[in-house]
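Novice: Mapping of the sequence shown onto the numbering used here: residues 267 to 490, in sequence order. We put the CB at the ideal spot given by N, CA and C, even for glycine. None of these values were measured; they are calculated from a predicted model.
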Amino acid sequence: MGGRLKVCAFIYNPRLFRKFKDIAEKFAIEYSVPNTMEDIENYDIVIVDEEAHQLIERSSKCVKKGPKIAVVSSEEDMISLISSIIAGNEENIRYLVVGVDLGSKIAYAVFADNLLISVGITLDLNDFLATLSKLRTALRPSRAVIKIGLPGSDELYQLLLKLLKAALRYGYEAYIIDESRTTARPLPRFRGLKNVRTTKDINAAVNIALKDGGIRIDCMSDLM
267 MGGRLKVCAF IYNPRLFRKF KDIAEKFAIE YSVPNTMEDI ENYDIVIVDE
317 EAHQLIERSS KCVKKGPKIA VVSSEEDMIS LISSIIAGNE ENIRYLVVGV
367 DLGSKIAYAV FADNLLISVG ITLDLNDFLA TLSKLRTALR PSRAVIKIGL
417 PGSDELYQLL LKLLKAALRY GYEAYIIDES RTTARPLPRF RGLKNVRTTK
467 DINAAVNIAL KDGGIRIDCM SDLM
């Protein structure tokens with residue numbers, strides 16, 4: 267954060283607050299919890315749930331002082347907000363990119379405005395497609411890109427086709443990337459998630475996401 271914004275978390279819902287704590291720790295976000303309503307005036311941004319938001323709205327003194335009030339109700343809201351805080355912008359995410367390494371498992375890495383916000387591995391294509399759809403609709407980026415490493419087997423190529431078809435349907439720009447050396451290449455330095463536990467497949471997904479170039483696929487006929 268570089269000390270640019272003083273962040274306060276004023277979240278009544280215990281489950282939502284635990285989720286916020288987990289996410290803030292993953293991103294190394296420093297925040298405070300207010301002791302009184304007057305404390306809120308001393309922060310640049312106040313992260314609240316709906317119940318806390320209603321309390322603040324009833325306090326004209328706090329509202330008049332003008333801290334930015336950010337209402338969150340889900341994990342996606344929090345990730346989008348924290349990405350904006352780290353990036354230093356107050357708008358929605360502008361650029362979402364998903365890197366995908368196909369193999370016996372589907373490994374993926376997600377960047378929002380050049381910040382790593384998520385990594386994962388799944389065996390289930392439908393599970394990953396649900397993740398793609400959720401990212402696109404929940405984070406509302408101005409531009410969404412998926413980069414998929416070109417697999418070396420016919421079976422994985424069929425998986426690639428299914429994934430491309432779904433990604434285009436969800437509104438992603440789709441690119442096929444030469445994945446040579448993406449597994450062995452050391453991870454570059456990046457902002458975002460801290461202490462990421464990586465595997466060779468996650469490494470590949472991160473490097474695919476950050477790799478320039480590739481073949482853009484605008485429609486499935488491009489592959490015929």
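Report the partner residues of L381 according to the DSSP bridge assignment.
Specialist: A378 and R457
Novice: Please tell me whether I289 and D315 are closer than 9 Å, where the distance is taken between their beta carbons.
Specialist: no
Novice: Going by the CB atoms, is the gap between D310 and V273 shorter than 9 Å?
Specialist: yes
Novice: Which of the three DSSP states, helix, strand or coil, is assigned to S446?
Specialist: coil
Novice: State the DSSP-derived secondary structure class of E439, mapped to helix, strand or coil.
Specialist: strand
Novice: Quick check: what's the CA-CA separation for Q424 versus R402?
Specialist: 23 Å
Novice: List the endpoints of the continuous beta strand (DSSP E) containing K334.
Specialist: K334 to V337
Novice: Short check: CB of P280 to CB of E307, under 9 Å?
Specialist: Result no, Cβ atoms of P280 and E307 do not sit closer than 9 Å.
Novice: Rounded to the nearest angstrom, what separates M267 and F293 at their Cα positions?
Specialist: Confidence in M267 is poor, its pLDDT being 41 and thus under 50, which makes the residue's placement unreliable; the coordinate value appears in the next sentence. Answer to the nearest angstrom: the Cα atoms are 10 Å apart.
Novice: With A471 and A375 assumed to form a contact (beta carbons below 8 Å), what rounded beta-carbon distance in angstroms separates them?
Specialist: 4 Å
Novice: Name the one or two DSSP bridge partners that C274 has.
Specialist: BP columns for C274 point to S298 and V312.
Novice: Does DSSP put R482 in a helix, in a strand, or in coil?
Specialist: strand
Novice: Out of curiosity, what's the CA-to-CA distance linking L271 and Y361?
Specialist: Going by the C-alpha atoms only, they are around 22 Å apart.
Novice: With distances taken between CB atoms, is the gap from G418 to I442 smaller than 9 Å?
Specialist: no
Novice: In the DSSP output, which residue or residues are listed as bridge partners for I412?
Specialist: Per DSSP, V364 and A440.
Novice: Measure from the alpha carbon of K466 to the alpha carbon of each residue in F286, D484, S446 and E421, then state which is nearest.
Specialist: S446
Novice: Using the C-alpha atoms, what's the distance from S339 back to S325?
Specialist: 21 Å
Novice: Taking L389 as the reference, give the member of S399, G369 and F377 with the closest Cα.
Specialist: Cα-wise, what sits closest to L389 is G369.
Novice: Can you find the residues in the same chain that come closer than 8 Å, C-beta to C-beta, to I483, ignoring five residues on each side of it along the sequence?
Specialist: So the list reads L430, L434, A440, Y441, I442 and L489, once near-sequence residues are dropped.
Novice: So who's on the other strand from I372, going by DSSP bridges?
Specialist: Answer is L368 and T388, bridged to I372.
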